[in-house]
Amino acid sequence: MSTHASRLTRQRVRSAWLFLAPVLVVLALVAGWPLLKTIGYGFTDASLIDPASAKFIGLDNFSYLLLDSHWWAAVWNTTVFAVVSVALETVLGLVIALALNAQFPGRGGLRAAILIPWAIPTVVSAQMWSWMFNDVFGVINHMLLALHLISHPIAWLASPDTALLSIILVDVWKTTPFMALLLLAGLQMLPQECFESARVDGVHPLKVFFRITLPLLKPALTVAIIFRLLDALRMFDLVYVMSGNSRDTMSMSVYARQQLIDFGDLGFGSAAATMIFAIIALFTAVYLTVARVGRER
Amino acid sequence: MTPRRIKRLIGRGAFYLLLLVIGLYTVFPFYWAVVSSLKSGSALFQVEFWPAHPAWDNYVAVFREQPFGRNILNSLFVAVSTVALSLSLALAAAYALGRVRFRGRGLLLAVILGVSMFPQIAVLSGMFELISGLGLYNNLLALSFSYLIFTLPFTVWVLTTFMRELPQELEEAAIVDGATPFTIVTRVFMPLMGPALVTTGLLAFIAAWNEFLFALTFTLTSDMRTVPVAIALISGASAYELPWGNIMAASVIVTVPLIALVLVFQRRIVTGLTAGAIKG
Amino acid sequence: MKLLLPRFLTMLLLILVGSSGAVRAATLSISCGAVGVEMRLCRQGVEAWAKQTGNQVKVVATPNSSTERFALYQQILASHSSDIDILQIDVVWPGTLAPHLVDLSQYIGKDATKQFFPALIANDTVNGKLVALPWFTNAGVLYYRKDLLKKYHAQPPATWQQLTDTARRIQNAERKAGNPRMYGFVFQAKGYEGLTCDALEWIDSFGGGTLIDADGKVTVDNPRAVAALQLARSWIGDIAPRGVLNYDEEESRGVFQSGNAVFMRNWPYAWALGNAKDSPIRGKIGVIAVPAGGTDGHQTGTLGGWQLAVSRYSQHPELAADLVRYLTSYAEQKRRALAGSYNPAIPALYRDHDVLAAVPFFGTLYTTFEHAVARPSRIAGSKYARVSAEFYYTVHDVLSGKIAAAPALATLQQKLTRLSRGGQWR
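These protein sequence lines map, in sequence, to chains A, B and C. For the first sequence, the residue numbers in numbering that gives the first Met the number 0 are 0 to 296. For the second sequence, the residue numbers in numbering that gives the first Met the number 0 are 0 to 279. For the third sequence, the residue numbers in numbering that gives the first Met the number 0 are 0 to 425.
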């Protein structure tokens with residue numbers, strides 16, 4: 000009996016690996032090999048226009064990178080962007096999710112409407128908002144001036160102070176729906192008994208939120224936040240389309256691309272790209288450790 | 000009116016105000032794009048909340064100046080093939096990772112998830128070499144293939160989570176009946192995974208539809224471009240002109256079907272995301 | 000019997016030689032335009048040549064944006080692909096792409112090259128190799144509102160100081176008269192190649208040199224360049240909107256064309272658009288050369304324009320060179336000037352009656368092209384992209400007030416000198 004069972008098990012394990020093989024092969028090809036190639040190039044002085052004549056130069060690219068103040072400015076921009084936009088998205092997403100969790104006429108319609116920003120391709124959103132942010136004939140300045148909230152037009156994308164903020168606003172607009180949806184799903188999965196008994200006991204809704212809802216929602220929140228943070232750290236499309244290679248808003252990916260493609264420096268660009276990957280991996284490791292520690296507690 | 004009644008009314012009022020603000024906030028830029036798309040020439044540089052002389056010129060121009068119809072079909076082809084590939088590959092992998100116990104299972108899942116950490120720019124040059132090595136440059140299949148790098152991780156993860164929740168009894172019954180793992184996945188589990196498949200399929204579709212950097216790098220001619228690249232590269236009659244009217248028109252054309260799609264499936268999305276909680 | 004074999008062989012040989020004419024009909028692919036008029040004119044040109052020579056030509060639509068096209072070309076040339084035989088390249092690319100381009104002088108006689116603007120031929124000659132032929136040219140010019148200058152009794156400015164004073168006067172008067180959004184001067188000050196063009200004009204117009212001299216020495220740090228940048232800095236917030244720091248060609252044109260600016264620096268393309276039927280400033284635009292820095296400066300304009308080059312990996316380099324020769328010939332450039340207002344790269348065409356009758360504006364442009372200043376792309380070679388980026392980032396920081404002109408240029412001088420590896424630029 001046991002040999003039959005173990006043969007079955009072995010058969011299952013074998014078929015499991017067979018089932019896994021396609022995914023693993025594909026990921027090795029599209030992710031594994033290119034990443035290794037890039038890391039490899041990071042140790043050479045390869046140029047885009049003539050990659051074959053590359054020479055090994057050890058850690059030169061990396062040391063130059065770590066001493067480059069523009070790289071650190073890009074890291075700073077990316078970090079600020081990631082933290083602020085994910086924080087805003089979470090709060091706003093939560094508000095919207097709570098609102099949509101309630102019953103009211105036209106709920107389906109509003110639920111569909113909030114998905115509009117998410118459905119629009121990033122490139123398109125970037126163009127639309129750039130147009131709205133234009134300082135002379137953009138509609139945002141027009142409305143703010145009409146409401147007397149500002150005295151003269153703000154150059155949203157030009158001033159170093161407001162440029163990053165503008166991009167953050169667009170990202171928040173674009174991704175809040177996704178957060179809201181995830182959190183709404185999470186809310187609808189919560190056991191209703193706790194809320195029922197809280198209502199019967201006459202507990203204040205705000206207390207209900209902070210003492211019951213939020214803690215129960217924590218797993219969903221954690222997952223949503225980590226995915227969004229990873230996406231935000233790798234941000235490219237939005238920054239590139241809205242403000243090109245401007246140093247005030249340059250994200251790490253934009254920096255790497257500029258070195259790689261605009262300057263044709265395959266070696267240095269690859270080193271920068273490798274560094275981005277390393278930073279993200281490090282961040283993920285730290286986050287998971289903290290989250291696990293939190294959960295154990 | 001009792002104070003309690005008044006408080007309730009104010010609460011209601013504030014709630015509806017909040018809903019209005021949310022609605023406006025999400026819809027206004029799209030509305031503005033529609034308005035801009037109906038204006039032409041110098042009228043674009045005026046701020047009006049409804050065009051004085053609305054015209055369809057820009058919409059006509061979008062299809063005339065570039066093979067936009069073809070671009071839309073390209074995007075559709077790439078998105079659908081990406082979804083088909085992701086779902087079939089991930090379903091198989093999810094069975095292995097969700098139902099079979101073997102050594103290294105957790106690590107593998109972590110590695111697969113870890114791929115979603117890769118910045119696109121870090122794999123760009125290597126992927127370009129791979130694509131041209133396979134002779135797929137300027138071919139839509141290059142995109143379907145390369146998009147798997149970001150659709151596979153979350154698809155595998157979501158499907159694995161769902162697979163884990165499916166009842167053991169069904170599988171045991173099937174094994175007793177002598178079913179092969181393939182039959183188990185396709186005949187027994189797949190029908191039960193409807194919501195999950197729809198959710199991940201939709202997410203993969205939108206991710207593929209949206210993608211910009213790879214689509215820009217791996218295509219050469221304008222008839223091979225996908226929609227985001229086509230929109231980003233829309234230009235006017237001369238090298239410097241940025242025809243905002245055309246860009247907005249193209250944006251509207253592209254967004255309306257996506258919104259329709261999402262409208263149709265929005266219940267499914269939420270159901271799919273919540274179905275994981277329904278234990279057998 | 001003995002004679003049959005040689006006769007047979009001769010016949011075979013004749014058949015082979017005779018048929019090789021038909022076999023040689025090749026298909027070339029050319030990247031020469033993205034949309035609209037540019038695409039149409041190119042297509043017509045290559046089709047005429049194709050019919051004439053019995054070959055076929057495929058027009059490949061590449062991205063319209065310069066930077067994207069450059070990235071694409073680098074990709075294609077680096078992979079030694081023969082996907083594109085003839086490339087339309089920007090005036091600043093010969094230095095970087097030269098190793099992958101065919102030396103056209105072996106196919107094109109010396110006399111043929113004499114007909115072009117010498118500055119363009121010099122620009123397209125890298126290390127003694129003629130890697131491209133000039134197709135059409137461009138130079139920065141100054142647009143002004145004829146009606147406003149007339150209303151306030153001002154002359155078109157000959158120096159930057161005059162422009163500043165006139166712009167300020169008219170701007171303030173117009174604002175008082177009820178147009179609060181009127182600005183004196185708009186230009187391109189976003190951090191991109193366009194800013195390199197604008198800033199080079201400022202520096203050169205003051206006599207401050209062209210960033211790198213012909214011997215490869217970095218000359219950007221000098222008192223005249225400092226003065227030029229200080230003046231430009233003073234415009235921001237005064238006669239130019241702060242938003243100009245994020246303007247490219249289209250955005251500055253938008254402000255000028257909607258009637259909200261007195262002066263604009265831009266490329267010649269804005270003329271036709273400004274005089275279009277629905278333009279609010281139709282018929283009110285004047286054009287002159289970019290002003291001089293002072294009495295010891297000179298009028299200038301940054302050289303732009305596009306050239307045609309042949310890829311070294313083309314399977315039919317000789318045919319491709321012939322197509323290039325055809326497309327850049329007097330007759331074809333004249334046709335493009337008449338049909339699309341493309342500025343010819345051949346001086347003689349600016350004296351051609353038909354051309355001047357169709358586009359009188361060209362008369363004004365001619366002197367600008369003669370005195371145009373070229374960006375230092377040839378001398379900086381493959382490092383030009385980095386040089387330009389360092390330059391426009393520095394200028395952008397000066398304009399936005401982050402750093403003063405003098406220390407900024409000193410730092411830039413150091414950076415570029417280090418990049419140049421002692422003036423060798425290898």
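Don't be surprised by glycine CBs; every beta carbon is placed ideally from N, CA and C.
Which listed residue (the options) has its alpha carbon closest to that of residue i
{"i": "valine 12 of chain A", "options": "B:Leu18, B:Gly97 and B:Ile5", "result": "B:Gly97"}
{"i": "glycine 268 of chain A", "options": "A:Gly41, A:Val25, A:Phe282 and A:Leu189", "result": "A:Gly41"}
{"i": "leucine 37 of chain B", "options": "B:Gln119, B:Met126 and B:Ala60", "result": "B:Ala60"}
{"i": "threonine 212 of chain A", "options": "A:Leu186, A:Met234, A:Ile225 and A:Val222", "result": "A:Leu186"}
{"i": "leucine 91 of chain A", "options": "A:Ala154, A:Leu220 and A:Ala179", "result": "A:Ala179"}
{"i": "methionine 223 of chain B", "options": "C:Ile280, C:Thr366, C:Ala60 and C:Ala172", "result": "C:Ala60"}
{"i": "glycine 44 of chain C", "options": "C:Tyr106, C:Trp134 and C:Gln73", "result": "C:Trp134"}
{"i": "phenylalanine 127 of chain B", "options": "B:Met116, B:Gly113 and B:Phe144", "result": "B:Phe144"}
{"i": "alanine 162 of chain A", "options": "A:Lys206, A:Asn244, A:Arg233 and A:Leu232", "result": "A:Asn244"}
{"i": "leucine 98 of chain A", "options": "B:Phe62, B:Leu17, B:Thr154 and B:Glu168", "result": "Leucine is not the amino acid found at residue 98 of chain A; the sequence shown has alanine there. Here the closest residue by C-alpha is B:Leu17."}
{"i": "aspartate 353 of chain C", "options": "C:Tyr365, C:Thr366, C:Tyr268 and C:Lys333", "result": "C:Lys333"}
{"i": "glutamine 105 of chain C", "options": "C:Thr124, C:Gly304 and C:Trp92", "result": "C:Thr124"}
First and last residue of the uninterrupted alpha helix (DSSP H) at residue i
{"i": "valine 85 of chain A", "result": "68 to 100"}
{"i": "glutamine 119 of chain B", "result": "119 to 132"}
{"i": "glycine 190 of chain C", "result": "First-last for glycine 190 of chain C: undefined, no H or E at that position."}
{"i": "glutamine 413 of chain C", "result": "404 to 419"}
{"i": "valine 228 of chain B", "result": "226 to 231"}
{"i": "glycine 12 of chain B", "result": "2 to 36"}
{"i": "leucine 119 of chain C", "result": "117 to 122"}
{"i": "arginine 68 of chain C", "result": "65 to 77"}
{"i": "leucine 219 of chain B", "result": "Element bounds for leucine 219 of chain B: n/a, residue is neither H nor E."}
{"i": "leucine 398 of chain C", "result": "383 to 398"}
{"i": "serine 115 of chain B", "result": "First-last for serine 115 of chain B: undefined, no H or E at that position."}
{"i": "glutamate 173 of chain C", "result": "159 to 175"}
{"i": "phenylalanine 209 of chain A", "result": "Segment: none, phenylalanine 209 of chain A is in no alpha helix (DSSP H) and carries neither H nor E."}
{"i": "lysine 333 of chain C", "result": "329 to 339"}
{"i": "isoleucine 38 of chain A", "result": "32 to 40"}
Beta-carbon proximity of residue i to residue j, cut-off 9 Å
{"i": "alanine 96 of chain A", "j": "leucine 28 of chain A", "result": "no"}
{"i": "threonine 77 of chain A", "j": "serine 252 of chain A", "result": "yes"}
{"i": "tryptophan 128 of chain A", "j": "phenylalanine 177 of chain A", "result": "no"}
{"i": "valine 228 of chain B", "j": "phenylalanine 211 of chain B", "result": "yes"}
{"i": "alanine 24 of chain C", "j": "asparagine 54 of chain C", "result": "yes"}
{"i": "valine 243 of chain C", "j": "serine 233 of chain C", "result": "no"}
{"i": "alanine 330 of chain C", "j": "phenylalanine 361 of chain C", "result": "no"}
{"i": "glycine 244 of chain B", "j": "asparagine 70 of chain B", "result": "no"}
{"i": "phenylalanine 48 of chain B", "j": "valine 26 of chain B", "result": "no"}
{"i": "leucine 411 of chain C", "j": "leucine 132 of chain C", "result": "no"}
{"i": "alanine 121 of chain B", "j": "threonine 283 of chain A", "result": "no"}
{"i": "leucine 408 of chain C", "j": "glutamate 389 of chain C", "result": "no"}
Beta-bridge pairing of residue i - partner residues as DSSP gives them
{"i": "alanine 260 of chain C", "result": "C:Tyr182"}
{"i": "isoleucine 29 of chain C", "result": "C:Val58 and C:Ile85"}
{"i": "aspartate 134 of chain A", "result": "DSSP output for aspartate 134 of chain A lists no bridge partner at all."}
{"i": "tyrosine 143 of chain C", "result": "C:Phe262 and C:Gly285"}
{"i": "isoleucine 235 of chain C", "result": "C:Ala239"}
{"i": "serine 310 of chain C", "result": "C:Leu100"}
{"i": "lysine 128 of chain C", "result": "C:Val125"}
{"i": "leucine 305 of chain C", "result": "One detail in the question is off: residue 305 of chain C reads as tryptophan in this sequence, not leucine. Tryptophan 305 of chain C pairs with C:Asp89 and C:Phe135."}
{"i": "proline 156 of chain C", "result": "BP columns for proline 156 of chain C are empty, so no partner."}
{"i": "phenylalanine 55 of chain A", "result": "A:Thr43"}
{"i": "valine 255 of chain B", "result": "For valine 255 of chain B, which the question treats as bridged, DSSP gives no partner whatsoever."}
N-terminal and C-terminal residue of the beta strand (DSSP E) that residue i is part of
{"i": "valine 354 of chain C", "result": "Where valine 354 of chain C is concerned, there is no enclosing beta strand (DSSP E), although the alpha helix (DSSP H) it sits in stretches over 352 to 357."}
{"i": "threonine 136 of chain C", "result": "132 to 138"}
Expected contact under 8 Å - CB spacing of residue i and residue j to nearest Å
{"i": "valine 169 of chain A", "j": "serine 250 of chain B", "result": "Not really, about 14 Å apart at Cβ, beyond 8 Å."}
{"i": "tyrosine 143 of chain C", "j": "glycine 285 of chain C", "result": "5 Å"}
{"i": "proline 290 of chain C", "j": "alanine 188 of chain C", "result": "About 17 Å separates the two Cβ atoms, so there is no contact after all."}
heavy atom of the ligand ADP below 8 Å from residue i C-beta
{"i": "glutamate 88 of chain A", "result": "Ligands displayed in this structure: none; no statement on the ligand ADP is therefore possible."}
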